[in-house]
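Under the numbering used here, the residues of the sequence shown are numbered 90 to 225, in order. All residues carry an ideal CB built from backbone N, CA and C; glycine is no exception. Have a look at the structure below, then the notes.
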Amino acid sequence: MSQQVRPTITDGKTGVGNFGVAVMPDGTADSLRTVIKPDGFHFEAYDFDDLTLPSLKLQSPIGSEYTISFNDNGSLLINGVKYTAPTNQDDEVIKGNKNYEGQTKLSGGLQLLSPNGTVFNVTVDDDGKLTAVKEE
90 MSQQVRPTIT DGKTGVGNFG VAVMPDGTAD SLRTVIKPDG FHFEAYDFDD LTLPSLKLQS
150 PIGSEYTISF NDNGSLLING VKYTAPTNQD DEVIKGNKNY EGQTKLSGGL QLLSPNGTVF
210 NVTVDDDGKL TAVKEE
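Put into C-alpha cells, the structure is as follows:
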C-alpha cells in the first residue's frame, strides 16, 4: 500500500460553499478537497506530514500545568528539567539472580542472612578485616 503524499498546491483555493465556510488546503481549480464541512473535520494523514510540536502542555486535574518536551540529545524534559527514571527507592526488594560487573560500592552497611534467616551485620576495618556479627 503506497503512502499518500500531500498534493502540490497550485493556485490554492479557499472558499465559502452553500453550506457555510469551507477550507480547501490543496488542489487546483479543477480539483479541491474540503476539510471542514458541517458534519466535522475531514483530514488526511498527509495533512500532518510536516507537523512539528516543540512541546506539549498538559494540565493536571487540579489545574497544574506541565510542559513535556525533548532536548537536542533526545532526553525527555518535564518543565525543562531532564527526567530521570527512579531506580533507588526506599525499602526496595529486588528478586532473582543478579550478575554484577565492575566495582560495586556499598555504603551504610551490609547485612547477610544465614540459610535459617539469621541476620549478620558485616563490617570491614581499615586493614580489610571482615567481621560478621549476629544481629540481636
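Inset, instruction - Note down, in chain order, each residue of its chain lying with its Cβ closer than 6 Å to the Cβ of THR220, except the 5 sequence neighbours on either side. - result: THR212
Inset, instruction - Note down, one range per segment and in chain order, each alpha helix (DSSP H) of at least 4 residues found wholly within the segment 124-156. - result: none
Legend entry - Residues bridged to ALA174 [DSSP beta-bridge criterion]: Per DSSP, none; premise fails for ALA174.
Legend entry - Secondary structure of LEU166, DSSP reduced to three states: strand
Legend entry - Nearest neighbour of THR207, chosen from ASP138, LYS194, ILE183 and LYS223 [CA to CA]: LYS223
Legend entry - Beta-carbon separation (whole angstroms), VAL124 vs PHE132, contact threshold 8 Å: 6 Å
Legend entry - Among PRO175, ALA174 and LEU147, the one whose alpha carbon lies nearest that of TYR155: LEU147
Legend entry - Coil, strand or helix - VAL110 by DSSP: Unreliable positioning characterises VAL110 in this predicted model, as indicated by a pLDDT of 48, which lies under 50. The coordinate reading is nonetheless provided below. Note: VAL110 maps to strand in three-state DSSP.
Legend entry - Under the three-state DSSP convention, the category VAL182 falls into: coil
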